[in-house]
Structures are given as C-alpha cells and as structure tokens.
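**Student:**
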Amino acid sequence: DDLKAFHSSDYIDFLLSWDQTAPGGKTFGNLKRSAAMRIREEDLEAGCEEYRLQYDSPPFPGLTTYCRYVAGGSLSAAAELIEDRADVAIWWDGGRHHAGRDHAAGFCYVNDVVLAVQKLRERFVRVLVVDIDIHHGDAVQSAFLYSPSVLTLSIHLNHPGFYPTSGSTSLSSRHALNFPLKPGAKSPTILNVWDRVVNFARTKFDPQAVVLVMGTDGMAGDGLLTKGQLDKSVERGEEGGIELDVRNDQSKRLPVLMLGGGGYTHHNVARANAVGTISAIVETAPEPTETLEALLAVNMDVPDHEFWELYGDNGWKLSVDDGHGTDENTKAENAPGISDDRSYLEKMWSKWEQEVKNVSQR
Numbered sequence: 430d431d432l433k434a435f436h437s438s439d440y441i442d443f444l445l446s447w448d449q450t451a452p453g454g455k456t457f458g459n460l461k462r463s464a465a466m467r468i469r470e471e472d473l474e475a476g477c478e479e480y481r482l483q484y485d486s487p488p489f490p491g492l493t494t495y496c497r498y499v500a501g502g503s504l505s506a507a508a509e510l511i512e513d514r515a516d517v518a519i520w521w522d523g524g525r526h527h528a529g530r531d532h533a534a535g536f537c538y539v540n541d542v543v544l545a546v547q548k549l550r551e552r553f554v555r556v557l558v559v560d561i562d563i564h565h566g567d568a569v570q571s572a573f574l575y576s577p578s579v580l581t582l583s584i585h586l587n588h589p590g591f592y593p594t595s596g597s598t599s600l601s602s603r604h605a606l607n608f609p610l611k612p613g614a615k616s617p618t619i620l621n622v623w624d625r626v627v628n629f630a631r632t633k634f635d636p637q638a639v640v641l642v643m644g645t646d647g648m649a650g651d652g653l654l655t656k657g658q659l660d661k662s663v664e665r666g667e668e669g670g671i672e673l674d675v676r677n678d679q680s681k682r683l684p685v686l687m688l689g690g691g692g693y694t695h696h697n698v699a700r701a702n703a704v705g706t707i708s709a710i711v712e713t714a715p716e717p718t719e720t721l722e723a724l725l726a727v728n729m730d731v732p733d734h735e736f737w738e739l740y741g742d743n744g745w746k747l748s749v750d751d752g753h754g755t756d757e758n759t760k761a762e763n764a765p766g767i768s769d770d771r772s773y774l775e776k777m778w779s780k781w782e783q784e785v786k787n788v789s790q791r
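Sequential numbering of the sequence shown, starting at 430, is according to the working numbering.
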C-alpha cells in the first residue's frame, strides 16, 4: 500500500512478484518457467516491456527486495521528521527521481522521492524539493506539477541528447523551477546559482520542510563519462554546504530530508555522502563548537579500511577537487539561466503566488 500511494497497482504487483517469478536468482534472459506461480515466460517478457523493465532499467535478482528497501528507507526517514524525532533525516540510497507512476526509467524502479514528499505532506503544508543530481528530476516534477503545495527546483545539466532531455526554463511550466547548466560547471558556478535561486524559492514559497536530492554524478571524476559532465568539487561545495544553506535561518530550523541519487564512481559517492553527513551533524548539534570547515580541515584523511586503496586518486582525502575542464557557464552567451535568473524567478512566482497563499490559509 505504501508503494501504491504513487505507483499504479499493476506495476507494483509486478515488481513485488518478481523475486518469486525468477527462481534461483537468475536474470530475465535465463529465466525458467515457475510452475508454482504459473506465469509463462511470455507474460514476464510482456510485463517487462509494458513497465519498461529493460535497457537502462533491467530486472535483476532481488528486485523486489531492492524496491522495498529504497522506498522504505525514504518513508522511514520522512516519518522521523513528521514525528519530531529528528531535524535532519538521511537516506543516501534514496533519490530515485526518474521512476514514473507505472514504469521504471533511468535505473529507477520506484520513486521514493515522490513517496517521501507525499508522506511529509501529512504534516507539512508546503514542501520544497531541491534536486542537484546531474540529471533533471523529471518524474518528481511531473508528479507535483499542478500542486501548489509542492515546489520542485532542479539544477542540472543541459546538453544535446542528455538524459532525460527535459528541464528547460519554459515559463509555461507550473510549480517547477529549472536551472539547466552547460557542461563543465564548477562549484563556484553551482553555488552562485544556489545562493540566488534556492534562497529566493525558500523566501517566497516559505516551505515547512525541504527534500534534497543530492546525486553525485555531476562530480569531477564521476564514472558517467560524457562530454556533458559537470565538473564540481566536493569539499564545502555540494554536500558540504548546501544542507547548511537551506537551514541557515536559525530562527526557523526547517526539517530537511537528505536523499542520494545518481553516482557512478562508488568511492566518490562515499566521499560526498560522508561530507554531507558531517554537515548534518554540525548543523543539528545542540551547541556546535566546530564549523564544518574546521571539522573537515582536521578530518579530511580517509581512514584505513577494506577499500582504502580506491581513494588514492585524490591523495586519500575526503575532498574531490574541481575538474580541469572549461566551465562553459562562465561565458555570458551560454548562461542565460544564471544571468537572468531573477527575471525568470519573478515571472514564475507571479503565476503561483495566489495559489500558494490559498494553500497557506487552509
């Protein structure tokens, strides 16, 4: 029932039966007919095609358990915020923002982001979703496009043919703000957009809770090797500073749900998640005695562990430096989303202002 709060019943029933209809943990190509379930291979093939369990979202052994795990983590984290058991809740295995109501997409099988927002709405009137994954959060935007109670804001890569080829700054969009970046965006560019855009949205929309989708696939050195890659660092940039910035009004400590997202170089994902966790600890301490920068300055060495050798690419440090590529966003002709963001924001806000006020008065 939790999964069906957003996804269609037929799709979820198919996902939840997968582990039973794939005996022996074999992948679809080697499936044998399950006499106990009396499901023919043709039915499985038709279901995979209907629900798009193929290409970039193939079925795999343990899919049912995985879907429950991803969604359950985000829902449990949201419940911690609703019940006032935490100021910040983290589920780094969440952030699967491409899954649609009745299909998988982009390595995402269930949309835990949408499910978590719906859960948060049980208590919080207005929820702001901020997505800094390299890919546009298309399915989350679609889910709440006509809801004045949820504002989605995505800072992502804009490059010809880059998945999912959505996320423009069209003024025809409803409750969504999009800030597509050109290739090579480094931390100063992203933080520049962040400071103006997110602060504007936070002030105008006045959310009661915030969801951060913090995919790391835009980091320098990520395994997503594409000309369209962003080039940002992890230090006090992405995971280090953004969570703090969302909550820097100490008179109004917003509940924050921090989710993961994309990321193709596992040890860099771990770096980013570690820095993000440190930032949350610093921010939520009753009487913080150390700033995030001070903590990181002392504790940047990766401790010895089973996978320690992987971190030699950056001197066994938690940080990831900006890449060496050209930041195309620094060229004025390539950065309309940055240079004109105030005009774009004001125009979009003028369309929603009364709707949001009506929600606030309920």
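Using N, Cα and C, we set each Cβ at its ideal position, and we do this for glycine too.
1) One question on the structure: do LEU586 and ALA605 come within less than 8 Å of each other, judged by their Cβ atoms?
2) Using 7 Å as the cut-off, classify the Cβ of GLY690 as near or not near the heavy atoms of the ligand HEM, replying yes or no.
3) Got a sec? Which residues, its chain only, sit under 8 Å from VAL551 by beta carbon, not counting five neighbours each side?
4) State the Cα-Cα distance for the pair ASP804 and ARG497, rounded to the nearest angstrom.
5) Output yes or no for whether 8 Å exceeds the beta carbon distance between MET687 and VAL749.
6) What first and last residue would you give for the alpha helix (DSSP H) that runs through PRO617?
7) In this structure, does DSSP put LYS746 in helix, strand or coil?
8) Please determine if the region 476-488 and the region 513-523 are in contact, where contact requires at least 3 C-beta pairs separated by less than 8 Å.
9) Spatial neighbours of ALA630 within its chain, please: CB distance less than 7 Å, with the 5 preceding and 5 following residues excluded, ordered by chain position.
10) Quick one: grab the DSSP three-state call for MET648.
11) Spatial neighbours of VAL517 within its chain, please: C-beta separation below 6 Å, excluding the five flanking residues on both sides.
12) So if DSSP puts ASP485 in a beta bridge, which residue, or which two residues, is it bridged to?
13) What does DSSP give as the partner residue(s) for ILE519 in the beta ladder?
14) Output yes if chain D places a C-beta closer than 8 Å to the C-beta of SER505; else output no.
15) Could you give the DSSP three-state label for GLY529: helix, strand or coil?
16) So what's PHE553 in DSSP terms, helix, strand or just coil?
17) Roughly how many angstroms separate the alpha carbons of GLY657 and ALA515, rounded to a whole number?
18) Along the chain, where does the alpha helix (DSSP H) containing ALA507 start, and where does it finish?
**Tutor:** On the basis of the data shown:
1) no
2) Among the ligands in the structure shown, none appear at all, so the ligand HEM cannot be discussed.
3) As written in the sequence, residue 551 is Glu, which differs from the Val given in the question. ILE511, listed in sequence order.
4) Since the first residue shown for the chain is 430 and the last is 791, residue 804 is missing from the structure and cannot be characterised.
5) Cβ distance not < 8 Å, so MET687 and VAL749 don't count as in contact.
6) 616-634
7) strand
8) no
9) LEU557, LEU580, LEU582, LEU606
10) strand
11) If we look at VAL517 and ignore the five residues flanking it on each side, its Cβ neighbours are VAL685, ALA709, THR713.
12) None, per the DSSP bridge assignment.
13) MET687
14) You won't find chain D in this structure, because it holds only one protein chain.
15) strand
16) coil
17) A caution first: GLY657 carries a pLDDT of 41, below 50, which makes its placement in the model too unreliable to give a value.
18) 492-511
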